[in-house]
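Q:
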Amino acid sequence: MSLFLVVALPFLGALLPGLMNNAGRQACAGVTFTVSLAAFIGLLTNLPAVLAGEVVMTGVNWLPSLGLNVNLMLDGLGFFFALLILGIGLLIITYARFYLSRDDNMGEFFTYLLLFQGAMVGIVLSDNILLLLVFWELTSLSSFLLIGYWKHLPAGRQGARMALAVTGMGGLALIGGMLILGNIAGSYDLSVILQNRELIQESPLYLPALLLILLGCFTKSAQFPFHFWLPHAMAAPTPVSAYLHSATMVKAGIFLMARLWPVLSGTPEWFVIVTSAGLITMVLGAVIALFKHDLKALLAFSTVSHLGLITMLLGTGTAFGAMAAVFHILNHATFKAALFMSAGIVDHEAHTRDIRRLGGLRHLMPITFVIATLAALSMAGIPFLNGFLSKEMMLEEANHTILFDTPWLVPTLAVIGSLFSAAYCFRLIGHTFLGKVRDDYPATPHDPGFGMWGPPALLVVLVVMIGCAPFLAEPFVKLVTAAVLGEAAEVPKAYFKIWHGLVPALYMSIAAVVGGLIVLTLFKPLLRVWDAAPRPEAKTIFEAIIAASVSLSRGLIHGLHNGAFSRYAAIAAVTITAAGYHAWSTGTIGAPTRSPQPAGAVEIAGWIMLVAATCGLVFLHRNRLLSLILIGIVGLMVSIGFVFFSAPDLAMTQITVEVVTIILLLLALNFLPNRTPIQSSVLRRVRDVAVALAAGGATFVMAYYFLLREAVTTPISEFHLANSYKGGGGTNVVNVILVDFRGFDTFGEIIVLGIAALLIYALTETLLNGPVRARLLNRKPDQPRAGDMHPMMMVVLTRVIMPVVLLVGFYIFLRGHNEPGGGFIAGLIVSIGVVMQYMASGFAWTSARLRYPYHGIIGAGVLIAGLTGIGSWFVNKPFLTSDFTYVRIPPFEKFELATAALFDLGVFLAVVGAVMLSLESFSRLARRAHVKDSEHPMDIDPSRDPADPTSPKTEGV
Amino acid sequence: MSIEVIGTYAVAICLLIGAAFALIGTIGLLKFNDSMTRLHAPTKVGTIGIGALLLASMIHAHVFADGSMHELLIMAFLFVTAPISANFIAKVNIHRRSCDAPPPPPKDDTWSTLNVPEADRELAEPEKV
Amino acid sequence: MTVATDFMNIAIILAFIAVALAQVLSMVRLVIGPSVGDRILALDTMVVNAIGLIVLLGIAQGSRIYFEVTLIIAMLGFVSTVAYARFILRGDIIE
Amino acid sequence: MGLELLVASAIGILTAAGVYLTLRLRTFPVILGISLLTYAVNVFLFASGRLSVGAPPILTDATVYTDPLPQALVLTAIVISFGMTAVVVMIALGAYLGANDDSIDDPIATADDQVEDQA
Amino acid sequence: MTHWIIAPVILPALLAPFIVLAARYHIGIQRVFSVAGVVGLIAIAAGLAWQAADGTVTVYQLGDWAAPFGIVVVGDRLSTMMVLLTSILALFVLLYAIGSGWDDRGRHFHALFQFQLMGILGAFLTGDLFNLFVFFEVLLIASYGLMIHSGGDVRLRAGVQYVLFNLIGSTLFLFALGALYAQTGTLNIADLAERVALIDPADTVGIRMAAALLLLVFAIKAALVPLHFWLPSSYAEAPAPVAALFAIMTKVGAYAIIRVYTMIFPPELDVTAGLHSTWLMPAALISLGIGMVGVLAAKKLDRLVAFSVIGSMGMVMVAISLFTPAGISAALYYIIHSTLAAAALFLIADLVRAGRDNLNLVAMPPVSGAALTSALFFVAAIAMTGLPPLSGFVGKLLILDAGLKSDAAVWVWAVILCSSLVSVVGFARAGSVLFWKAKSVEAEVGAVVAPAPSTLSYVAVGGLIALLVAHTVFAGPVYRYVEATSASLFAPDPYISTVLETPGKLSKPTEDKEEH
Amino acid sequence: MTRAFNWLFPHPLLTVLLTVVWILLQNDFSAGMAVFGLILGVIITKVTAVWWPERPGGVSVIKFLSYALIVIWDIMVANIQVAWIVLTKPNSKLRPAWIVIPLDLVQPEAITILAGTITLTPGTVSADLSDEGHSLLVHVLHTDDPDADRDGIKERYERRLKEIFA
Ligand code: NA
Ligand code: NA
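Chains as they are written, first to last, in my numbering: chain Y, 9 to 965; chain R, 2 to 130; chain P, 158 to 252; chain G, 472 to 590; chain X, 224 to 739; chain S, 7 to 172.
1. At 9 Å on the CB atoms, spell out the chain X contacts of Ala-868/Y, in chain order.
2. From the beta carbon of Ile-837/Y, is the nearest beta carbon of chain S less than 8 Å away?
3. Does the contact criterion of 3 or more C-beta pairs under 8 Å hold for the region 461-479 of chain X versus the region 558-574 of chain X?
4. So what's Phe-492/X in DSSP terms, helix, strand or just coil?
5. So is Ile-484/G in contact with chain P if we call contact Cβ pairs under 8 Å?
6. On the premise that Leu-126/S lies in contact with Val-77/S, defined as a C-beta separation below 8 Å, what is that separation, rounded to the nearest angstrom?
7. Leaving out five residues before and five after Ala-230/X in sequence, what residues of the same chain have Cβ atoms less than 6 Å from its Cβ?
8. Run through chain P and tell me which residues come within less than 8 Å of Tyr-846/Y, C-beta to C-beta.
9. Could you compute how far the alpha carbon of Ala-327/Y sits from the alpha carbon of Asp-111/Y?
10. Ile-371/X versus chain G: which residues are under 7 Å apart at the beta carbon?
11. For a contact defined as C-beta to C-beta under 8 Å, what are the partners of Leu-126/S on chain R?
12. What does Gly-778/Y touch in chain X if you count any residue whose Cβ is under 7 Å from its own?
13. Using only the alpha-carbon positions, how far apart do Lys-45/R and Pro-799/Y sit?
14. Taking just the CA atoms, how far does Val-181/P sit from Glu-5/R?
15. Below 8 Å on C-beta distance, what does Leu-246/P contact in chain R?
16. Between Gly-286/Y, Lys-501/Y, Gly-563/Y, Met-331/Y, which has its C-alpha nearest Gly-425/Y's C-alpha?
17. Val-130/R to Thr-556/G, Cα distance in whole Å?
18. With a threshold of 8 Å between beta carbons, is Pro-945/Y in contact with chain S?
19. On the criterion of 16 or more Cβ atoms from any shown chain inside 10 Å, does Leu-421/X qualify as buried, or is it exposed?
20. Anything in the region 883-894 of chain Y with a Cβ closer than 8 Å to a Cβ of chain G? List those residues in chain order, please.
21. Are any of the Cβ atoms in chain P nearer than 8 Å to that of Ile-502/G?
22. Whose CA, out of Thr-409/X, Gly-293/X, Ser-730/X, Leu-307/X, lies closest to the CA of Ala-276/X?
23. For Asp-735/X and Gly-735/Y, what's the separation of their Cα atoms in angstroms?
24. Are Trp-659/X and Gly-167/Y closer than 8 Å when you measure CB to CB?
25. Quick one: Cα of Ala-399/X to Cα of Ala-217/Y, how far?
26. Within the chosen definition, does the region 900-918 of chain Y reach the region 538-546 of chain G through at least 3 CB pairs nearer than 8 Å?
27. Indicate whether Ala-290/X and Asp-414/X have their beta-carbon atoms separated by less than 8 Å.
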C-alpha cells in the first residue's frame, strides 16, 4: 500500500467516528479499529521491502519553492515506529471501547485519536523535515484535544494547556532548528540531509540548530527540565495516557534524535547535552515516580525516567548505545502500554488509582495482577523479561561512557536510576496487588471482560517472548539500528542473549534490584523524608510563569492601550516628527533654487491676523462658541490668502465649506456642553505644548524648504495649462482638472460626500430608534432661549435673498468651466440658500412645504456622474472621457456643451443632497426635543387676523 | 484733463474715502464701551466704506477696461443684509443683558427677544461668553 | 496720467494698509469681547473688511476674477453672523 | 521678510496649534484641532505649487500662470475633509448623547480590566 | 478597448447609489443586489487576475488622458490578486452579514458595504498617488459608517477615536503628497519612479522626508506599532461582519508599502537609502510582539482577535521589510492567509456572542451550536497562530526562510517564534475558557436559550475556513503566483513603460481639437 | 389671463429683480442673456414661491424709488456725522439711548423696510420688535432728544412707507 495511504487513512478515517456517533458505540469503535487496521495492514505490505533493506520512498510536490513537499520515506526505523504506533493503536482502540463511559462522546474521542495517529505516522514516515514539522505540531494539537477531552475537569484543561505550551514551544524551536538544518544541507529532505554529516557538523550554525532541535525533542519527550508537563497530561482518559504519553507521542522526540543521529551525534556538544539530560531525567524521574501515589502518575514518571534512559543511550553517540536505545524503545513500549492499561483497569474497577487505597487486588483481579506484575517486573529489569535485556545493554554502555572526565559518574547514576526504577516497580506490585484484601475500595473490583484485559495481555506475551528468546527480536532490532545509524556507523556485532557471563553490568543489575527491594522496605521513612523535603513543584512554577506572563502582558497592553486618545495622538505626533527628523538629518541639503518674494505690510498684517486667530483659538478653546468664531476667522484668512496667491476657486470653496462646517458645528454644539473643562495637569499641557511645537517646527521647516526650491523637472501641470482649452474646452484650468483631467478624483470625492451624508443619516436613525430618543425628548436647553423663534425681518429678507442666492449658485455652476466656480461651489451655495430658508422659518415649516428626497439627490448625483463617465464607453473611450461642442440657439449667444458639465451636474447634485441630508439629520435630532412645529413662516406678524385662532401666541415658542 | 485722468483721481479718492470709513468704523468698534453703542460703528460705516471701495472698483473698470457693473450686486447685498445682522446682534445683546434694559413697549407686553418661553424661565441666567 | 496713476497707486497702498489695520483692530475686539454680541459683531466686521481687501486686490491687479469670491463672502458672512446669533438666542439654529 | 517665510511659518503655527488641540481630552477641541491641521495641510499642499501672486490659472492672454494642479488637489482635499468633519461631529455627538460625556477617552479599553480572569 | 479593469470600481460605485435610490426600504432587494454585485465582482476579478497572471500589465486611462497627466488604473499581478482576494472575502462577509441579520440592524448597510468595496478596490488598482488618497478616504469614510453601524454607546465612543486617528492619517497623507509633488512635480507612481532618479544627490532631504512621511501614512493603515492605536477598540467594537471585512483594510497599507517602496523608493535607491531599512523592521517586529502579547493579555474575545490582527500585520510587515523577492513573496502569501483567518475569527467571535451576549473570557453555560462553533474556533485559531497544518504555518515557514538571509535574522526568528508561542498560549486559554470550561457551568434555571446562529452564518464561516484549507493545499501554485508577482515588483520596467508610454488624448501629434 | 399671469409670476417684482441680478452677474448686457435671466427668474420664483405664500398688495414702485433716494441721501449725511462722533467724541460725552417707535405699519415687508432703513442710517439701529409686532425698539448712538428722533423717523420714513404699501 502506498505510504500516502498509510498516512492519510487515519486522517480520512477521522471523519468517520463523528458520523458514526449516532450509530452506537460499537459502530464508532469499530470503524476506528477498521481504519487503523487498514493502515496497519498497509504498513505491513511494505515489510518485505523494508526487510530487504530497501528504503521505500514516495512524494508529491506541495510547496517546492520552499522545499516543503509531501515526501515520505519508509526504512527500518520508520517501520519500527509506525508498527508501534499502529499496533498499539489497535490495542488502545479496543481497550478504549470498553473504558469510555456512556456519558463520553465516543465519536469525538476517536476522531481525535485518529488525528493523532495520523500525525504520528506522518512524523515517522516523513522524508521532508518541514513536513515532519507539520505532523509534529499536529501531534501537539491532537494531544491538546485528547488531554482536555474531559472538558469539565479543571485538571484536564490545565494539563492540556500546559502540554500545548511546552510542546508548542519545543515545536517552534524545532521549526527554527529544522530550517537551519535544511539551509545548511541545502535541502529539507532527510534523504539528502542524512548524507551531509560533515557539512552539517562543520557549519557554524550547527550548534544553534542542534540546540533548537534538542529543545523540540526534549520538550516532546519530557526530558529534564521539561519533564513536568507529562504527569499533568495524565488527566486524560487512560487510553490516551497509555497511547500518547507512554507508547507513542513522547517517543516522537526520541524518534527524531534517532532519526537525526547520523548527522547530529558524535560531537562533544551532542554528547554532553543529550547524555546528561538523559541521565538526570532517568534518575529524577525514577525518584519522583517512587513517591507518587497515583498509579498513572507513578507510571508517567517512570516513563519520564525510561525516556531519559533512552536519551542517554542515544547521547553516547556509539553504535551500541543506539542499538540499546532501539531495543529499549521496543521493550518499553510493550511493558509500559500494558502497565497503563492495567492501571486503567484498576481505576475502572476500583474507582481509584490511589495506591494508598489499594492493595490485595491479587485475589480480586488475578488476570490483571498477572499482566501488571509481569510488565512491572520487566520494567524493574528482572531476567526472562524483555526489560532486563535492554537494561543490561544500557548498563553495559554506561560502563563505557565517560562524562565530564569522570569515569564513575555515568555508571553510578545509571545504577541509582535502575535502583529506584526497581523500587517503584516493586511498590507498584506490592502496594496494589499484594497484601490483604481490603473492604474499603470505592467500588468492588474484579477482572474486566476480555476486551479490556486482552490488549495488555497480548503485550505481556510479547514481553515474555522477547525476554526469553531475545534472538527473536534481534534481527528486527538490528534492522532498525541500521536505519538509525545510517552511514555514520556499522551495526554492532553483539548478540542478544540473556546470559553474557559475569560482566559488570550483571553486578550493577543485581545491585539495582536488591537495592530496589531495600528501598521499598524503607519506603515509609523515606516517604516522610520526601514529603518533608522542600522541592520545586514544576506545575506551580509553570503556572506562576504563565500567570506572570499574563499579568506582565496585561500590564503592558492595558498600560499602553489605556483608551486615552491624547496619548495615542501624542505618540503618533512624536513618531511622525521623529521619523521626519531622521529623514532630514540623514540627508543632504543644497542651496535654495528660488529666491523669496518680498512681503509688504498688508501681507504681514494678514499673517498676524491668521496667527492671532490661531493662537487665540488655542488659548480660548475652552469657550466653545468663541473657538468656533475664531476658527471662522482662520478660515476667512486662509481664504483671503488663497485669493492673494491666485487661487480664487480655492478661496470660494474654502469659505463656503467653512460656513457649512460652522453651521454643522453649531447644530452639534447645541447638544454639547458649551465649555471644555480644565482636565489636564500643567505638566501634561507642557508636554502637549512641546509635542505641538516640535510638530509645528517640523512642518515649518519642511514647507520652507520646498517653497525655496524648484521641482526636479517640469511639473505635469504644464500639460494641463497647455491642453485645458484645447482638450478640455475650458479656460479655468483648475475646474478642467477637476472635471476632466482628474475627474476620477472628483468622482471619488463626491462619493465621499455621499457616504458622509448616508452615514450621518443612518446614525441619526439609529440614535432616534434607540435609548437616545428618550433622552432627547426630555432634554432641556442649557440656558434660557430668547423669544421670537422666526424673526420677521429675517423671514421677509430671506424671501428676497434666497432666490438671489439660488440664482448666484446657478451662475457659479454654469461658469465654472471657464471662470472660478463649478458644481461643487454651486452646490454649497444652493445648500446655503436653503439653509437660510431653514434658519428663517424653521425646518418644520420649510420642509412641510417643499421636501426634497435628499437621498435621491445624492444617488442621482453619483449616478449622473458615473453614467456620464460610462457614456464614453459607447464611443469606445475610457471612463470619464469628455467631449464638448459649441452650439448656437437664437436668441442666445453661442455656448459650449460639454459632457464635463454633465459630470459637474452630478457633482452639484451630490453636494446639495449630501449637505442637505446631513443638516436635515442634525436638525431631526433637535426636533425631538421640541413638541410644537410652527404653522407660520414668522412668529410675529401684525398683519395676521387677530381673530384667527392660529395667530401667534404671546408665548415665545 | 482727460476722462481717464479724472477717472483715475476718482478711483483714488473713492479708495481713500472707503478705506477711511472702513478704518473709522473699526475704530468705533474698538473704542466704544457698550455693546449696543459698538454696534453702530462698523455696521454702517463699514458698509459705506466698502461701498466706496466698490465704487472705486467700478470706476477703475470703466477707466482701465471695458466697464463693470456687477459691484452693484455686492453693494446691494451688503445693504440688504446689514440690517438683519445688526438686528440679530442687537437681539443677542438684549438677550444676554449686555446692554441697558430697553424701556417697555407702549403697545404690547414685552419685546420679542425678552419673551422667553415659559419652560426656560427657571433656567439659570446664561453664562457670559 | 502718470501723476494720476501714481496717486492712485499710493491711494491703493494706503487703502490696503487702512483696511488691514481695520482687520487687526476688529480682531482685537473679537478677542477681548467681552460680550458674545461684540464678538459676533467683530466677526461680521472682519468679513466686511475682507471683502474690502479683495476688492482692493482686484483693483491693484486690474483683475475681475475676484468678483465671485467677494460676492460669496458677502453672502456667507451674513449667513454665519445670523447662525452665531441664532445659536445664542435659540440654541438650535434651524429649529 | 519673504512671502515664503510667512506662509511656511503660518503652516507651522497652524500645525502646532492643531496638534495641541488634538491632544485635548474632549471631542470638541480635538475636532477643532483636526480642522486646524486640515488648514495647515491644505496650505502646505497648495504651497507645493509654489507661491505666485496675480497669476490665477484662468487662461487669458497672460503668459505666466500659477500651478493649477495643487489647487485642484486642495479643492478635493477640502471637500473630503468637510465630509469627514461632518461625520466625526455626528459620531461624536452620537457618542455624547449616548453616554452624556464628551470625553474622548475610550473607557472600553480599560473596562476590559474589570472582567474576571478565569482562563 | 475593454473596460473590465475599471469595473471593480465602477460596479460597486454605481450599485451603491442604485441601492440607495431604488431599494432604500427593502432589505430583501438590497441583499439580492448586494450579493449579485459581489458575485459579479468575483467573476470580474478572477478574469482580471487570469489576464494578469502571465505578466501582462493593463493600463486604463481615465478620461483618455495619458499618464502622468491624467489618472490611470493599472492591473498587474499584484493589484488584481488583491482585488480578487477582496472580492472573495466580501462574498463570505456579506453572506454572514445577511445570515446573522447584522445588515438589518441599521440603515444603509449594503450601500456602505458596496462603497467600502469600491474604496478598497480602487486603492488597489489606481496608479496615481493622489487618487490613492481619494480611495483611502472613500474606504475610510465607508468604514466609519460600517463601524458604527447599528450604533450603541460603546461602539460610538470607539468610533470617535477611530475616525479621529484616521483623520490624522489622512492629514499626514496630504503632507506627504504635497512634499512629493513639490519635489517631483508629478503624482503618478510610475512617473515618480522615473523622476526620483533625477534628484540631485546633494539635496536629498526633501525626497527623504516625503518618502518617510508616505511610509508612515501606510504604516498607520497597516496598524504598525506605534501607529496602531486606532485598531484594537475599533475592530473589537465594530459589528462582526464589518470587522471581518476590515481584515483586508490593513492589507491596503501593506499593499501600498509594497507598491511604493519597491517601485518609487526601492531599497537600492541612493537618495532614500537608510530610511525604511532602518526602522521598518524593528517596528514590524515590535508590532508582531505587541499583537501576540495582546492576544495573551486580552480578557475579551473580540479584543483578542483584534490584537491578533495587529500581530499578523506585524508578521506581514516583517516579511515586507526584508525587501527581497523571497520576503515579498512570503508577505503576499501571508497577506492572503491572515486576511481570511482574521475575517473567520471575527465572524466566529460573533457566533460565540450570539449565544452569550458578551465576549468576556469567562465561562458561561454552553449555548446552542457551541460544538460547531468551538470546532471552527479551533481551526481558525490554528490558522491564526500559525500552527500546522494550515496556511499560517506555511506562511510562517516562508517568512522564517526568507528572513534567514537577513542581517536581522536572529531577531526575526526570535520574535516570530516567541510570539507564536505566546499567541498559542493566549488562544488556548481563551478557547479552553469559552468552550471547555463552559461545560462545567450549569445554565440558570429558566434562562432563555438563544437560538443557534443561522445555517448561512455557518456557511459563511465554513467557506472562509475552506478557503484557508485551499490556501494551504494549493500553497504550491499560490506561491508560484506570488513569487512571479514579487519578481515583477523587483523588475518594474514593464509596469513603468506600459503606464508611461501608452498614448492618450492629445499626447498623439495627429489629434487636435479646436473651437469651430 | 390673470390667473395664468399669477401662476407664472407669483412675485413679479422678484422675477424682475432676479433678471436684473442675472444681467449684473454677467457684467455684460445682451438680449439673449436677458431672456435667459428672465427664464431663470420665472423658474426660481416659481420654485421658491411655496415659502412666500402671501402675495403682498400693490406696491407703488415710483414712490419706492423716491423713498430709496431719500434714504441714500440720509445715509451719506449720517455717515459723516457718525464718523465724526467716532473720531472726536470721547465715550464719556456720548449719550446713547433706546427709543421706542409705536408702529402704524402692519405688513411685514413694510416693517422690515422701515427697520432696515433705520439701521442703514448711521446713528440708529433697529434692535427688536415687540411681541405682537406693534412697536419697534431702536437704539440711538447719540441723542439729546429721543422723542424728537422718534417723531423724525415716523415722519420721514414710516409715513412714506405707509403710502408705498397703501
Ligand atoms: Na450647548
Ligand atoms: Na442707522
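Beta carbons are placed, not taken as given, at the ideal position from N, Cα and C, and that holds for glycine. A quick note: this is a predicted structure, and the numbers were derived from the prediction, not measured.
A: So, from the data block:
1. To locate residue 868/Y, count along the first sequence from 1; it is residue 860. Correct list: Pro-240, Leu-244.
2. As a working note, residue 837/Y is residue 829 in the first sequence. So no, Ile-837/Y is outside the interface.
3. yes
4. By 1-based counting over the fifth sequence, the position of residue 492/X is 269. Strictly speaking, residue 492/X in this sequence is Leu, with Phe absent from that position. Residue state, collapsed to three classes: coil.
5. Taking the first residue of the fourth sequence as position 1, residue 484/G is located at position 13. It does not; no Cβ of chain P falls within 8 Å.
6. What you label residue 77/S is simply residue 71 of the sixth sequence in a count that begins at 1. What you label residue 126/S is simply residue 120 of the sixth sequence in a count that begins at 1. 7 Å between Cβ atoms; contact.
7. Along the fifth sequence, one-based indexing puts residue 230/X at 7. Closer than 6 Å at Cβ, skipping near neighbours: Ile-267.
8. As a working note, residue 846/Y is residue 838 in the first sequence. The contacting residues are Ile-251.
9. By one-based count along the first sequence, residue 327/Y stands at place 319. By one-based count along the first sequence, residue 111/Y stands at place 103. Near 50 Å, if we compare the C-alpha coordinates of Asp-111/Y and Ala-327/Y.
10. As a working mapping, residue 371/X is identified with position 148 in the fifth sequence. Here the neighbours are Ile-562.
11. In the sixth sequence, the residue the question calls residue 126/S occupies position 120. Under the 8 Å cutoff, chain R gives Lys-45, Thr-48, Phe-80, Ala-83, Pro-84.
12. In the first sequence, the residue the question calls residue 778/Y occupies position 770. Gly-374, listed in chain order.
13. For the purposes of this step, residue 45/R is identified with residue 44 of the second sequence, where counting begins at 1. For the purposes of this step, residue 799/Y is identified with residue 791 of the first sequence, where counting begins at 1. In a straight line, the C-alpha of Lys-45/R is about 21 Å away from that of Pro-799/Y.
14. Here residue 5/R refers to the residue found at position 4 when the second sequence is read from its first residue. Here residue 181/P refers to the residue found at position 24 when the third sequence is read from its first residue. Rounded to whole angstroms, Glu-5/R to Val-181/P spans 34 Å at the Cα level.
15. Against the third sequence, residue 246/P aligns to sequence position 89. Simply Phe-89, Lys-92, Val-93, His-96, Thr-114.
16. As a position in the first sequence, residue 425/Y is number 417, starting the count at 1. Looking at the Cα atoms, Gly-286/Y is the closest of the given residues.
17. In the second sequence, the residue the question calls residue 130/R occupies position 129. In the fourth sequence, the residue the question calls residue 556/G occupies position 85. Interpretation of Val-130/R is limited by its pLDDT of 49, a score under 50 that renders its predicted location unreliable; no figure is taken from the coordinates.
18. Residue mapping note: residue 945/Y aligns to position 937 of the first sequence, counting from 1. Chain S contact via Cβ: present.
19. Residue numbering aside, residue 421/X sits at position 198 when the fifth sequence is read from its first letter. By the 10 Å Cβ count, Leu-421/X comes out exposed.
20. none
21. As a working mapping, residue 502/G is identified with position 31 in the fourth sequence. With 8 Å as the cut-off, Ile-502/G does not count as an interface residue toward chain P.
22. What you label residue 276/X is simply residue 53 of the fifth sequence in a count that begins at 1. The option with the nearest alpha carbon to Ala-276/X is Leu-307/X.
23. Against the fifth sequence, residue 735/X aligns to sequence position 512. Against the first sequence, residue 735/Y aligns to sequence position 727. Here the model assigns Asp-735/X a pLDDT of 49, short of 50, so the residue's position is not dependable, and the following value carries that caveat. Distance between the alpha carbons of Asp-735/X and Gly-735/Y is about 8 Å.
24. In the fifth sequence, residue 659/X corresponds to position 436, counting from 1. In the first sequence, residue 167/Y corresponds to position 159, counting from 1. It is not a contact, given that the beta carbons lie outside the stated cut-off.
25. Here residue 399/X is taken as the residue at index 176 of the fifth sequence, counted from 1. Here residue 217/Y is taken as the residue at index 209 of the first sequence, counted from 1. Each residue's alpha carbon lies about 45 Å from the other.
26. no
27. Here residue 290/X corresponds to residue number 67 of the fifth sequence, with the count starting at 1. Here residue 414/X corresponds to residue number 191 of the fifth sequence, with the count starting at 1. Contact: yes.
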